[in-house]
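Asks: One structure is given below, represented as structure tokens, and several questions about it will come after.
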Amino acid sequence: MWRVDAATTKKLSDRTILIHVQLNPKPKHDDYRRYRTDVFSRSANLTNCDIVCLNWAQDMEQYEADSKTPAKWDNESGSAWYLPDGRCSVKDAEVISNEAKGLYYTRHDKKRHVLHFHYDEAVFALTVPKVVQDGPAVHDVLVGPIVDARLIWDETTAAWVETNDCPETGWSSIINADPDFAAGFENLQDVQNRLYVERAISLSCGPHKISEQWHRVDKLDVCQIQESEVVGRATLQLDRNAVAKENRQRRLGKVAVLGNILRNEKLPLPIKDLGGGGASISWSPDSPNTNVTKAGVRPALVAYLGESPAPDVVKNIGDAAFELLRKENKAHKNRVAVCFRTAAGNIKFADIKAQTDIAFDGSSMTSITGG
19 MWRVDAATTK
29 KLSDRTILIH
39 VQLNPKPKHD
49 DYRRYRTDVF
59 SRSANLTNCD
69 IVCLNWAQDM
79 EQYEADSKTP
89 AKWDNESGSA
99 WYLPDGRCSV
109 KDAEVISNEA
119 KGLYYTRHDK
129 KRHVLHFHYD
139 EAVFALTVPK
149 VVQDGPAVHD
159 VLVGPIVDAR
169 LIWDETTAAW
179 VETNDCPETG
189 WSSIINADPD
199 FAAGFENLQD
209 VQNRLYVERA
219 ISLSCGPHKI
229 SEQWHRVDKL
239 DVCQIQESEV
249 VGRATLQLDR
259 NAVAKENRQR
269 RLGKVAVLGN
279 ILRNEKLPLP
289 IKDLGGGGAS
299 ISWSPDSPNT
309 NVTKAGVRPA
319 LVAYLGESPA
329 PDVVKNIGDA
339 AFELLRKENK
349 AHKNRVAVCF
359 RTAAGNIKFA
369 DIKAQTDIAF
379 DGSSMTSITG
389 G
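Take the sequence shown: its letters are residues 19 to 389, numbered as in this note's numbering.
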């Protein structure tokens, strides 16, 4: 069993880059995570270190002799870069650039940033600022690792060659599995903007207690990871944890159903003009608290909560969604709808009490008439 004593961990985690060459089939095993848990549980001022955990690529085959069939590990990879709170950018530009090259963002509940390398075999070229600058503080660089290039093995030339293709994460295959499912993801295909896709999904599944900065990458619900380090991001179908796979599929299923509701169901007055086709699910920084658009009409926040959600859940999400747009205070601030499927199989739109005295036809908030 692998162990690192507390005294050694304390010494290695003080203003260092700690490189852990892990190389085992189960990178998330408790014994291998224990030292990270210990480091992350202590004072951030005394553990101002990066931890780089390197593991095999996914689906390794172990060859022991020419005459023996290789053992298939069926493993996930688990290589990741862990950074202190102030040593990694959470700006979209840097995060999206890294993710296009196969380095994906999550936020640990111990206030650490965790960047996960794509599971396939590859070589990553990175620019990484020093953990500590001994010169003027003005020279400190806090953007974290930046991927300059990703190289893959070319069997024809027997060499590592740079690739500009965004590595496959299972996203395209799962959302395009059948036409009815894919219809809800028409505008969520662009893997160059994974964060946009994740935000659209989060809104479509219903905002719970949500802050005005909910869409910042380190605040985004699906980017959060716990001590288990299981990654639940919808656009990253890499983590093989069974619960994570089930949760991802459940969220994607809600988006697919919402897409069909927008096309086929009678919509309530606040979003009535989104009906009849042409509406699509997406996310844009120009309207960060809405997820449904249609040419010629204002955007809206529409959520589908699944089958027979508890009444208090419906109320809380409806109130949170309405409050989110109210605080934004733009022309579309009353364009909120929350729906679910009843036990009888019917689609029902929730009554949002705060909408009662608001005009549903887009006229003034002071009007008491509806369209």
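Virtual Cβ for every residue (Gly too), placed ideally from N, Cα, C.
Tell me the DSSP bridge mates of Phe367?
Replies: Paired residues: Cys357.
Asks: Which whole runs of the alpha helix (DSSP H) in the stretch 139-215 are 4 residues long or more, in chain order?
Replies: Those alpha helix (DSSP H) runs which fall completely within the stretch 139-215 and span 4+ residues are 189-193 and 197-200.
Asks: Give the list of continuous alpha helix (DSSP H) stretches no shorter than 4 residues that lie fully inside the stretch 40-101.
Replies: Correct list: 48-59.
Asks: Taking just the CA atoms, how far does His126 sit from Gly104?
Replies: Going by the C-alpha atoms only, they are around 13 Å apart.
Asks: May I ask you to report which of helix, strand or coil DSSP gives Ala25?
Replies: Residue state, collapsed to three classes: helix.
Asks: Can you tell me which of Ile228, Gly224 and Leu213 puts its alpha carbon nearest to the alpha carbon of Leu254?
Replies: The shortest C-alpha separation from Leu254 is found at Leu213.
Asks: Just how far apart, CA to CA, sit Ile386 and Thr374?
Replies: Caution is warranted here: a pLDDT of 31 is assigned to Ile386, below 50, making its placement in the model unreliable, and the coordinate value is therefore given only provisionally. Answer to the nearest angstrom: the Cα atoms are 9 Å apart.
Asks: Near Met19, which residues of its chain fall below 6 Å by C-beta distance, leaving aside the five closest residues on each side in sequence?
Replies: Caution is warranted here: a pLDDT of 46 is assigned to Met19, below 50, making its placement in the model unreliable, and the coordinate value is therefore given only provisionally. Cβ neighbours of Met19 beyond the five flanking positions: Asp49.
Asks: Using beta-carbon positions only, say whether Val315 and Leu292 come within less than 8 Å of one another.
Replies: Result yes, Cβ atoms of Val315 and Leu292 sit closer than 8 Å.
Asks: To the nearest angstrom, report how far apart Trp232 and Leu238 are at their CA atoms.
Replies: Whole-angstrom Cα-Cα distance: 6 Å.
Asks: Please report how far the alpha carbon of His226 lies from the alpha carbon of Ala362, in whole angstroms.
Replies: Roughly 25 Å between the two C-alpha positions.
Asks: Within the same chain, show all residues whose beta-carbon is closer than 6 Å to that of Leu30, passing over the 5 residues directly before and after it, in chain order.
Replies: If we look at Leu30 and ignore the five residues flanking it on each side, its Cβ neighbours are Leu36.
Asks: Thinking Pro147 and Val132 are a contact (beta carbons under 8 Å), I'd like their distance in whole angstroms, please.
Replies: 17 Å between Cβ atoms; not a contact.
Asks: Taking C-alpha atoms, which residue in Gly324, Asp369 and Leu41 lies nearest to Asn265?
Replies: Checked all of Gly324, Asp369 and Leu41; the closest Cα to Asn265 is Gly324.
Asks: Does the structure place the stretch 205-225 close enough to the stretch 238-250 that three or more beta carbon pairs sit under 8 Å?
Replies: Output reads yes: the stretch 205-225 touches the stretch 238-250.
Asks: Between which two residues does the alpha helix (DSSP H) carrying Gly271 extend?
Replies: Here the alpha helix (DSSP H) through Gly271 covers Ala260 to Asn282.
Asks: Just curious, the beta strand (DSSP E) that Arg401 is in, first and last residue?
Replies: Here the chain covers residues 19 to 389 and nothing more, so residue 401 does not appear.
Asks: Out of Gly202, Pro303, Gln80 and Pro102, which has the shortest C-alpha to C-alpha gap to Asn93?
Replies: Cα-wise, what sits closest to Asn93 is Gln80.
Asks: Run through DSSP, which three-state label would Glu12 get?
Replies: Within the shown structure, residues of the chain are numbered from 19 to 389, placing residue 12 beyond reach of any answer.
Asks: Could you pull the start and end residues of the alpha helix (DSSP H) that Val132 belongs to?
Replies: Not the alpha helix (DSSP H): Val132 falls in the beta strand (DSSP E), residues Arg130 to Phe135.
Asks: For Leu319 versus Leu221, is the C-beta spacing smaller than 8 Å?
Replies: Against a cut-off of 8 Å, the Cβ pair of Leu221 and Leu319 comes out as a contact.
Asks: Is DSSP giving Ile228 helix, strand or coil here?
Replies: If DSSP states are grouped into helix, strand and coil, Ile228 belongs with coil.
Asks: Taking the alpha-carbon positions, what's the Lys28 to Thr65 distance?
Replies: Approximately 8 Å, taken between the alpha carbons.
Asks: Phe135 and Ser190 look like a contact to me (Cβ under 8 Å); what is the Cβ gap, rounded to whole Å?
Replies: The Cβ separation is near 20 Å, so there is no contact.
Asks: Inspect the beta-carbon positions of Ile289 and Arg359 and report whether they are closer than 8 Å.
Replies: Contact flag unset, no.
Asks: To the nearest angstrom, how far is it from the Cα of Pro185 to the Cα of Asp369?
Replies: Roughly 43 Å separates the two Cα atoms.
Asks: Tell whether a beta-carbon distance below 8 Å holds between Ala202 and Val273.
Replies: Reading off the sequence shown, one finds Gly at residue 202, where the question assumed Ala. In contact: Gly202 and Val273 (Cβ atoms closer than 8 Å).
Asks: Indicate the three-state DSSP secondary structure (helix, strand or coil) for Val331 in the structure shown.
Replies: Here Val331 sits in helix by DSSP.
Asks: How would you call Ala252, buried or exposed, if buried means at least 16 neighbouring beta carbons within 10 angstroms?
Replies: By the neighbour-count rule (16 or more Cβ atoms within 10 Å), Ala252 is buried.
Asks: Considering Cα atoms alone, identify which of Tyr123, Glu112 and Lys109 is closest to Tyr100.
Replies: It is Tyr123 whose Cα lies nearest to the Cα of Tyr100.
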